[in-house]
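Q: Here's a structure for you.
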Amino acid sequence: MADTSHALSTSVLKERLEAAFPSLLEELTQLVAIPSVSSDPAHAADVERSAEHIRERFAALGLEAKVLRETAADGTEGKPALVAHTPHIEGAPTVLLYAHHDVQPVGELSRWSMDPYKAEVRGDRIYGRGSSDDGAGITVHLGSLSILGEDLPVNVVVFIEGEEEIGSPSFTAFLDAHKDELAADVIVVTDSSNWKVGEPAVTSTLRGNAIVTVDVTVADHAVHSGAFGGPLLDSVAISSMLIASLFDELGDVAVPGLGGSDHADVDWPEEELRAAAGMVDGLQLAGSGDIAARMWTKPSISVIGSDARPVSNASNTIAPHTRFRLSMRTVPGVDPAEAQAKLVDYLLSHAPFGARVEVTAEDAGAGYQADMDSPVTKALHESLTEAWG
-5 MADTSHALST
5 SVLKERLEAA
15 FPSLLEELTQ
25 LVAIPSVSSD
35 PAHAADVERS
45 AEHIRERFAA
55 LGLEAKVLRE
65 TAADGTEGKP
75 ALVAHTPHIE
85 GAPTVLLYAH
95 HDVQPVGELS
105 RWSMDPYKAE
115 VRGDRIYGRG
125 SSDDGAGITV
135 HLGSLSILGE
145 DLPVNVVVFI
155 EGEEEIGSPS
165 FTAFLDAHKD
175 ELAADVIVVT
185 DSSNWKVGEP
195 AVTSTLRGNA
205 IVTVDVTVAD
215 HAVHSGAFGG
225 PLLDSVAISS
235 MLIASLFDEL
245 GDVAVPGLGG
255 SDHADVDWPE
265 EELRAAAGMV
275 DGLQLAGSGD
285 IAARMWTKPS
295 ISVIGSDARP
305 VSNASNTIAP
315 HTRFRLSMRT
325 VPGVDPAEAQ
335 AKLVDYLLSH
345 APFGARVEVT
355 AEDAGAGYQA
365 DMDSPVTKAL
375 HESLTEAWG
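Using my numbering, you'd call the opening residue of the sequence shown number -5 and step up by one each time.
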């Protein structure tokens, strides 16, 4: 059993970090260079390449590392995930390090001022697709294990999935299949937003997420807007009305029974939120209560997809059918399945003009609420204080 009676001094750790920092920056640069977009089948090979790359990086540190996958509930094959273990220390606790190696699409390339897959350092920041979400998280794990080296006093299991950006469809199956291998006393997740630049924080709560797909039908076929427009509203207009009904006049979610609190423990200045989100001038903030509460302790609903007819294919016909998808962030402590059911009931009972509305409940994941008085949380706070002051 390893000697865990003493810890390395802060000065020694800082010296090791300063020495390792250039190589860690290169690690992150290599991660950014892989377009591991899990939502795009055209990048399937890149997601595979990303998983193999990180397997090699953790194996180089002496961990037993392998790439695994499981089948999702709908029968589709899951994306590749890395599971790695440090050599076992008898009697020592186990810490699981979580991150994900898949990234979001780059969107419109014309809006980038750089190659999204070529990391660039500008000032004190590094830019590139996936540099923070979640390449930085992977790099933190690599760096921590590298810096501690043989002084590591605990067992470590690393779990880096490859489908977080698409809702982790095979996540539950993966956990069920590998629960013994992933068992841990403490889990460290390096994939959450930091509330203020230069001021690290411990994430104490996360909202859950419930997805629904909505089909709105107003006719059995398309008809000419010049002949029938007026008494017959198109399905896009009806869908817009239905979506608008989800919010009250302040912008708060109007679906009853979802819980939430108007108060938060920290103050998030409005100007900082506007800058971080890139809001256009003149846009008013939606909702009531503390700004931080609107993002952390109250429900929210977003339209994350729509099959509305594109402008490039516009014609003078009334769309008979429209499909859209909603993502609802649920309050920590609230059962996401129950919240999802309330959203489904609300949509079905608020069909504008009697349109046919069909709702399919998709994935629902619970939120998270930490025990801020636990020894682990207190140790984490002490570490942040020692490192950052």
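Each residue gets a CB set at the ideal place from its N, CA and C atoms; glycine is no exception. Quantities reported herein were computed from a predicted structural model and do not represent experimental measurements.
1. Just to check my reading of the structure: ARG350 and THR211 have Cβ atoms closer than 8 Å, yes? What is that Cβ distance to the nearest angstrom?
2. Run through DSSP, which three-state label would PRO196 get?
3. CA-CA distance, PRO263 and ILE285?
4. Looking only at its own chain, which residues have a Cβ that is under 7 Å from the Cβ of PRO99, when we skip the five neighbours before and after it?
5. For LYS336, which residues in the same chain have their Cβ closer than 8 Å to its Cβ, ignoring the five residues on either side in sequence?
6. With DSSP collapsed to three states, give me the class of LEU176.
7. With DSSP as the reference, label LEU62 as helix, strand or coil.
8. Just verifying my parser: in three-state terms, what is the DSSP assignment at ASP128?
9. If you measure between the beta carbons of SER229 and ALA313, is that distance less than 8 Å?
10. Which residue from PRO330, ALA269, LEU227 and VAL247 puts its Cα closest to that of ALA345?
11. Are the beta-carbon atoms of SER125 and LEU22 separated by less than 8 Å?
12. Pick from HIS95, ILE160, TYR340 and ARG201: whose alpha carbon is nearest that of ARG51?
13. Confirm, please, whether the CB-CB distance from ALA204 to GLN363 is below 8 Å.
14. Let me confirm a value: VAL325 is counted as buried when at least 16 other C-beta atoms fall within 10 Å, else exposed. Which label applies?
15. When the distance is taken between beta carbons, is THR207 closer than 8 Å to SER255?
16. Taking just the CA atoms, how far does TYR111 sit from ARG123?
17. Could you tell me the distance, in whole angstroms, from the CA atom of ASP128 to the CA atom of ALA38?
18. Rounded to the nearest angstrom, how far is the Cβ of PRO74 from that of ALA45, given a contact under 8 Å?
19. Going by CA-CA distance only, name the one from ARG63, ASP40, GLU71 and PRO81 that's closest to LEU55.
20. Taking the straight line between their C-alpha atoms, what separation do you get for GLU97 and ASP40?
21. Over the uninterrupted alpha helix (DSSP H) stretch that includes LEU18, give me the two end residues.
22. Going by C-alpha distance, which of PHE347, PHE318 and SER198 is nearest HIS375?
23. How many angstroms separate the CA atom of GLY72 from the CA atom of ALA213?
24. Cutting at 7 Å between CB atoms, please list the residues of its own chain near THR354, excluding the five before and the five after it.
25. Counting C-beta neighbours from all protein chains within 10 Å, is the total for VAL89 16 or more, i.e. buried, or is it exposed?
26. Among ILE83, ALA269, GLU114 and GLY223, whose alpha-carbon lies nearest the alpha-carbon of VAL151?
27. Do VAL148 and THR371 have their C-beta atoms within less than 8 Å of each other?
A: Taking the definition as stated:
1. 4 Å
2. Per the sequence shown, the amino acid found at residue 196 is Val instead of Pro. Coil, per DSSP.
3. 8 Å
4. VAL31, SER33 and ASP34
5. VAL249, PRO250, GLY251 and LEU252
6. coil
7. strand
8. helix
9. yes
10. LEU227
11. yes
12. HIS95
13. no
14. buried
15. no
16. 6 Å
17. 18 Å
18. 4 Å
19. PRO81
20. Correcting the residue type first, residue 97 is Val in the shown sequence and not Glu. Computed Cα separation, rounded: 11 Å.
21. 4 to 26
22. SER198
23. 38 Å
24. VAL206 and THR207
25. buried
26. ILE83
27. no
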